[in-house]
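Numbering (our numbering), first residue to last: 1 to 155. Everything on this sheet refers to the single structure shown next.
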Amino acid sequence: MYPFTHFLFAFFIGEILVKYNIFNHQIALITALIATLIDIDHFIYYGIKHKDWNLKHAWNGAVYKKEPERTFIHHKLGFILITLIIIATYFINPIISYILAIAYYSHMFLDYIPQIFITPQKTIKTKEAGFRINIALYEIIFIILLIIGIIFLIL
């Protein structure tokens with residue numbers, strides 16, 4: 001999934017928690033930003049591997065599937081480690097643990113569930129400022145539904 005989708009999904013979940021007075025809008029936004037920033041691991045991996053810290057090169061390498069889609073935090077040991085950090089954080093500050101949990105687990109959910117259950121039949125390919133985009137139609141539909149859901153939650 002693309003970063004915008006990770007952002008919207010985590011923000012949608014955060015806004016649901018706003019309705020239940022667990023989060024406020026700012027916390028929902030921070031959660032969404034963290035869910036998006038989780039993908040920075042791909043950029044760091046690319047930079048270390050290729051000794052090239054050009055964001056466009058890293059992005060296009062990921063879009064063209066020239067780079068592994070999964071880094072340490074996407075595998076079993078990373079998942080366990082992040083989960084332990086989230087649990088430990090709960091005892092220090094429960095809200096921060098909720099933020100981290102929603103950001104991380106929503107990100108993992110979006111990264112893995114489509115690969116297991118959905119085979120993209122149609123994709124839209126484009127290029128903006130040298131950044132390649134190859135987005136599945138189901139992701140575009142999901143983005144539209146998330147935007148509608150967020151609007152209804154905020155109104």
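Beta carbons are placed, not taken as given, at the ideal position from N, Cα and C, and that holds for glycine. Just so it is clear, the structure is predicted and the values come from calculations on it, not from any experiment.
Since residue i and residue j should fall inside the 8 Å C-beta cutoff, what is the C-beta to C-beta distance between them, to a whole number of angstroms?
i: Leu-103; j: Ala-10; result: Here residue 103 is Ala; the residue named in the question, Leu, does not match the sequence. Ala-103 to Ala-10, Cβ: 6 Å. Contact.
i: Ile-34; j: Ile-99; result: 6 Å
Quick one: grab the DSSP three-state call for residue i.
i: Ala-10; result: helix
i: Asn-54; result: coil
i: Ala-136; result: strand
i: Lys-125; result: strand
i: Phe-131; result: strand
Under 7 Å Cβ to Cβ from residue i, same chain only, skipping five residues before and after it: list those, please.
i: Phe-43; result: Leu-55, Ala-58
i: Ile-82; result: Ile-73, Tyr-104
i: Ile-147; result: Leu-8
Out of the options, state which residue places its alpha-carbon closest to the alpha-carbon of residue i.
i: Gly-149; options: Tyr-64, Ile-16, Ala-136, Pro-94; result: Ile-16
i: Leu-155; options: Tyr-2, Lys-19, Thr-5, His-6; result: Lys-19
i: Thr-31; options: Ile-151, Tyr-138, Ser-97; result: Ser-97
Can you give me the Cβ contacts of residue i inside the same chain, cut-off strictly under 6 Å, excluding the 5 residues immediately before and after it?
i: Leu-137; result: Lys-122
i: Asn-134; result: Val-63, Thr-123, Lys-125
i: Phe-23; result: Gly-14, Leu-17
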